[in-house]
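To start, the structure under review is shown below, and the notes come after it.
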Amino acid sequence: MQSRLQKCGVGEPRPSPCTFESGTAAPDRRGLLRAGLGSLVTLATGRAFAAGGQAADAPPSDGLIAAARKEATLTLYTAAEIDLVATWTAAFTREYGVQVKAVRGPSYPMFDRWLNEERVGRHFADVVEISDPTLLDTAFEQGFVARYTPAADAAIYPAMKRSGAWYAARVDYMGIAYNTERTSADEEQLLHASGWDALADPRWQGRCATTAAASGGSTYAYDFMFMVGLKDRYGVPFLRKWAANKPEIYISKPPLFDRLAAGQYAIADEASSGDLNVLFLKGAPVRWVFPDPTPAILSVQSISAHAPHPSAARLFTEWSLSAAGQTAWLANESSGPSRPDVVDPRKAARQAWFGESWYSDPKTLYLDYLKDPAFADPAKPLIAAWNAIFGYGEAGQ
Amino acid sequence: MSAGIASATHAARLPQGALEVLAQAPRRRLDRVLIPAALGLLLAALVLVPILFMFLGSVRSAALADPAGHFTLAKLAQVYTTLPYLRMLGYSIAIAAFVGAIATVVGVGLAWLVSRTDLPAKGLMESAIMAPLFLSPFVGAIAWLILASPRAGILSAFSRALFGAGAPTVNVASLGGILFVMTLYYIPYAYLTVSASLRSIDPAMEEASYLNGAGVFRTVLKVTLPVVRPAMISAFFFIFVLTVGTFAIPAVLGRGARIPFLAVNIYEATANYPIDYGKSAAIGTMLFWISLTGVFFYRHASRIARRFVTVTARGYRMRLVKLRGARVPAMALVGLYVLLAIVLPYLALIYAAFTRFTTASVFAAPWTLDNVEGVLTAPEVTESISNTLLVGFVTPTVCVAFGVLLAYAIRRLRVAGGWLLDYMAMFPVAIPGIVFGTGIFWTYLLTPVYGTVWILVVAFVASYLPFAYRIGDTSLLQIDRVLEEASLLCGASHWRTATKVTLRLVRPALLSAWVMVFIFSVREVSAAILLTSSNNIVLSVLSWNYLDFGDVQKAAVVGLLQTAILIAGVVVGRFVFRVRLAKSA
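The listed protein sequences correspond, in order, to chains A and B. Going by our numbering, the residue at position 114 of the first sequence is 136; the numbering climbs one at a time, nothing skipped. Going by our numbering, the residue at position 578 of the second sequence is 1024; the numbering climbs one at a time, nothing skipped.
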């Protein structure tokens, strides 16, 4: 199983078996299965570990802990929500006595700011955490990322790391969210039964919303799946049908979900599990479905090559990628873990959404975009095409 | 220059004055060269360098620090010659003109009611009209989103509850909604500008009109309005400039409405991928030219308006127009404004702050104290409160000190190149905060202030210098120079005259300027979000961060905290220092 997983690894130089064949009317079932192997393994092993407990990580060395404590603090540049990060990093501080100062911003501006600071020799960031690994690939090749292999390296799914450069600390799944007070039972059934094609149904016209492809790594990856990865199954014709429903376009996902919960829209796509879970736990009338395949978005982190607190940065990386660190995040919110030995305790206990009849985990994850050179193209050419289809940005003026 | 010549001539007439003139020669060199040079350097560092970085950024293909970047005119060509941007330009100008016109008309109406009629409880009315200044436009926009989304707004829900499913709904997330919210929050600026003129016009002109048989309407139309017309034009252009650079309101309300607005496009060029600093800067230059034109007309109108604002020794009693039967409608008009600009938004914020998630079902709302508890116990909040207080205290103090020094040098010392200093001091008004923030980022990236709370102080001092300077300048113009000349003739030095006479006379205006810059500094979000770091987060940025993650509830709690700080500052100003913004601005 592990060897087959490695075939989907990002580091594979040859064409990956995860890549869908073009020219077919629909993705081959076996191809999809292979593509989503990582996720299948995640779920299966997750259940296994729910019963059996978590694997132990090699603890950080005493020398690293002592050096980190001497540095006393570290700065984390992150695209995650500030309160969630504060709660999560507080667990690290309790464990090691090292303070974490977080600077928050959307992935791309945060990454750009870090790069600009580094280029002029102003070193503030110790650890950088964003949603687009291809940017960290470039930064690694340009020498801005420190080469470091944490003890958790072997435990992270091959597709969710570039050993020594970046590692996913968690995974978000993207599906379709709906407001139960704005959708009928028939419509709920449609959403659960029709996969992504449900978005093209004209019944949503004027009752739906989406997020611009340009807003971040996660939205770009999501749209990349339809426009490139699965272009023969979906492609431009599908997006045109979705655009014909005139979704209101947001530049950031969370404000959209707030409006969805408030009842402004019946449905919204690009529904990331992390955002929806929080709203669901607050009692908002939201549910979601993960059509197959489900785009998976990685929150990846790297250590800055000139981190002002290098030991603290390394200790934090050790902790955040460890089973304990990932479990601490799950207790906080609920994204998926990036290693098979970690499982959300609520899932094991069938609590929260895990215990709801409408909920089901993603079946196959779409991660192929990470290996597609087109995705890494810094010009992000799909944005203009997406804007043209949806009449957004300059295309909409 | 003429002042220097005048005092020298005076001294020469006196037998003992010749020695004084000689003694003043080095001081005149100080006036002519050193002071303007020092002020010019300070202004250059604060204002010009960030603007130059903006222009430089507009001709670069990538970020300034990116070695792969090269010089190009492509971004400028794209922005200045292609249809999407020209259309956006048209929209931005039209929106700013509309908001400027409506806010000025309403502001003038309210100012006239308070200044020239027998409207009761004027102090209360004036405070109510000025109250929207305490609410950040950004937070106000959040509140209106909660109130008036078409399907999920509280007002729409009430409308449906009262009149059934087909009832009309309000949609603030539309062009009309954006215009409405912008206008609401710019009315106090028109009020401030015009009420000072209305209070200081000579009532003899209106008296003459009444004596010649003209009624109230005719007198207002033929006498009062022509006299305050320059102040109205000044208010219009001031609001025009502020609106064209406004980013927060269209960014919050226009998220789903696809409203083309240049200032929002600037933000999106630096927040969306691929990040395009060149495009952002190129749009910034376009906004700069528009705003600069607005500033030109504003300065011109202000100069004319000041001719009518004179402090004379002659006492008079203003004749107040008796509203009679129109009293109640007039009070209702003020009440309606207060309801829309303050009461409803704050009720919405309080509602959001105490519910678990946003819902229009007010009576079935999931009430909670978790948001308040969560915000008050978050370490970032404690830190951001202290940063906000620090920025809120230091920025207006430095800004007003620099502003009055500048005004004194230009008006009283008549330093060489005063007109240039005057223009430079007004430049920041012409630059949207979001663009200015980028310029400040590049200017100070290599300095020790970068990443600290002091970069916010620097950015805000530069941004709000025009306000402090303009208020200081206006108040200096209103002080009769005879008082200062008397002090000088009595042998007091310039320094002693400035501190013991001039400063004491302009003190109320300076305190007003302090309170105003305090309000702006606590509210500012556009430049602050670009300069934030782990050490300098302020409440406005925290609120933005919460909203960016869809946590409207915590954004509302932070917005309320911000308002509490603003009210505390203004109350101290009002009751300890007896500051009345409307009388000095």
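Where a beta carbon is used, it is the ideal one built from N, C-alpha and C, also for glycine.
Inter-residue distance for V821 of chain B and V662 of chain B is about 53 angstroms (C-alpha atoms, whole angstroms).
Shown here for L902 of chain B: same chain residues with a beta carbon closer than 7 angstroms to its own, the five before and five after excluded, namely V837, A974, L977, N982, V984 in chain order. The DSSP assignment places no complete beta strand (DSSP E) segment of no fewer than 3 residues inside the stretch 808–884 of chain B. In the assembly as shown, A371 of chain A is an exposed residue. Its beta-carbon has fewer than 16 other beta-carbons within 10 Å. DSSP places S321 of chain A within a strand segment (E or B) once states are collapsed to three. In this model, L866 of chain B and A938 of chain B are separated by some 30 angstroms (Cα to Cα). If you draw a straight line from the Cα of L213 of chain A to the Cα of L106 of chain A, it comes to about 30 angstroms. At a cut-off of 8 angstroms, the C-beta of K393 of chain A has no neighbouring C-beta in chain B. Ranked by Cα distance from V322 of chain A, the first of A:D363, A:V193, A:A334 is A:V193. The beta carbon of V525 of chain B sits closer than 7 angstroms to the beta carbons of Y531, K725, A728, I729, M732 from its chain, once the five residues preceding and following it are set aside; these are given in chain order. Excluding five sequence positions before and after A715 of chain B, the CB atoms of its chain that fall closer than 8 angstroms to its own CB belong to I721, D722, Y723, K725, S726, I729, given in chain order. Against chain B, the CB of E103 of chain A has a partner CB under 8 angstroms away; the residue lies at that interface. Contact of D722 of chain B with chain A by beta-carbon distance below 8 angstroms is absent, the smallest such distance being about 10 angstroms. Contact of Y130 of chain A with chain B is assigned, a C-beta pair being separated by under 8 angstroms.
Distances from the alpha-carbon of L671 of chain B to those of B:G555, B:F609, B:A694, B:L625 put B:G555 closest.
The beta carbon of P614 of chain B sits no closer than 8 angstroms to any beta carbon of chain A. In the DSSP assignment, the residues bridged to I152 of chain A are A:V322. Under the DSSP assignment, K263 of chain A falls in the alpha helix (DSSP H) whose first and last residues are 257–266.
Apart from sequence neighbours up to five positions away, the residues of its chain that approach F246 of chain A with a beta-carbon distance below 7 angstroms are Y391, F397, L404, ordered along the chain. The beta carbon of N991 of chain B sits closer than 7 angstroms to no other beta carbon from its chain once the five residues preceding and following it are set aside. Residue-level contact check: V125 of chain A touches chain B, since one or more beta carbons of chain B fall below 8 angstroms from its beta carbon.
Taking a contact as a CB-CB distance under 8 angstroms, the pair A523 of chain B and D134 of chain A does not count as one, their CB atoms being some 23 angstroms apart. At a cut-off of 8 angstroms between beta-carbon atoms, P362 of chain A makes no contact with chain B. G197 of chain A and A345 of chain A have their C-alpha atoms spaced approximately 26 angstroms apart. Among the CB atoms of chain B, none fall inside 8 angstroms of the CB of P155 of chain A. The beta carbon of Y242 of chain A falls within 8 angstroms of a beta carbon belonging to chain B, placing the residue at that interface. Taking every protein chain shown into account, the CB of P566 of chain B has fewer than 16 other CB atoms within 10 angstroms, so this residue is exposed. The beta carbon of A306 of chain A falls within 8 angstroms of a beta carbon belonging to chain B, placing the residue at that interface. Shown here for I178 of chain A: same chain residues with a beta carbon closer than 8 angstroms to its own, the five before and five after excluded, namely Y189, A190, L343, S360, R361 in chain order. Nearest C-alpha to R953 of chain B among B:I925, B:S980, B:F966: B:I925. Excluding the 5 residues flanking it on each side, A353 of chain A has same chain C-beta neighbours closer than 8 angstroms at P367, in chain order.
In the structure shown, N658 of chain B falls within a coil segment according to DSSP collapsed to helix, strand and coil.
At a Cβ-Cβ threshold of 8 angstroms, G285 of chain A and A806 of chain B count as neighbours. For the beta strand (DSSP E) assignment, the stretch 493–555 of chain B encloses no uninterrupted run of at least 3 residues.
It is roughly 52 angstroms from the alpha-carbon of A717 of chain B to the alpha-carbon of R927 of chain B. Segment contact: the stretch 580–599 of chain B against the stretch 988–1007 of chain B, three or more CB-CB distances shorter than 8 angstroms; contact assigned.
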